Amino acid sequence: MKPSQEPTTSEQDQAAFEQNLIKVEESLQSLKARYTQVKATQQTQAELKQRLARLHSERERIKEQLENLEVELESRLLTWSSQSETFWQIVRFLGLGLVIGFALKALID
11 MKPSQEPTTS EQDQAAFEQN LIKVEESLQS LKARYTQVKA TQQTQAELKQ RLARLHSERE
71 RIKEQLENLE VELESRLLTW SSQSETFWQI VRFLGLGLVI GFALKALID
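Numbers in this note's numbering are just positions in the sequence shown, counted from 1, shifted up by 10.
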């Protein structure tokens, strides 16, 4: 074969086959990379869903604790010992008011 001669059909077919093979290999590598990315994304999504579920249950637990604390604080505010001082002040001033009222009525009559 002389260098100035055109390549034969079998050489052209072989060169085309090699180019197609290279393209297929590149496509396969690209497909493998996308598959790996999809798998990683799916795993991340599953982890985030689990984390969201844990956070939701923790939120509910904290909400319940806050409600319990509010009830406890309200019950402490309304105990007799904390209200007794106020109660006795009311009794004193009402008694004093009644005494003054009777005294004024007695003076006026």
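Using N, Cα and C, we set each Cβ at its ideal position, and we do this for glycine too. Source: prediction; values computed, not measured.
Inter-residue spacing [alpha-carbon to alpha-carbon] between residue i and residue j
{"i": "I32", "j": "L41", "result": "14 Å"}
{"i": "Q55", "j": "Q22", "result": "49 Å"}
{"i": "K115", "j": "G105", "result": "15 Å"}
{"i": "F103", "j": "G111", "result": "12 Å"}
{"i": "L108", "j": "E95", "result": "20 Å"}
{"i": "R69", "j": "V101", "result": "47 Å"}
{"i": "E77", "j": "Q39", "result": "57 Å"}
Cβ neighbours of residue i in the same chain (closer than 7 Å, five flanking residues each side left out)
{"i": "K73", "result": "none"}
Buried versus exposed, by CB contacts within 10 Å (16 or more), residue i
{"i": "M11", "result": "Note that M11 scores 48 on pLDDT, short of 50, meaning its location in the model is unreliable; the coordinates nonetheless yield the value given after this. Classification for M11: exposed."}
Residues near residue i by beta carbon distance below 8 Å, same chain, minus five either side
{"i": "Y133", "result": "The requested residue 133 is not part of the displayed model; the chain covers only 11 to 119."}
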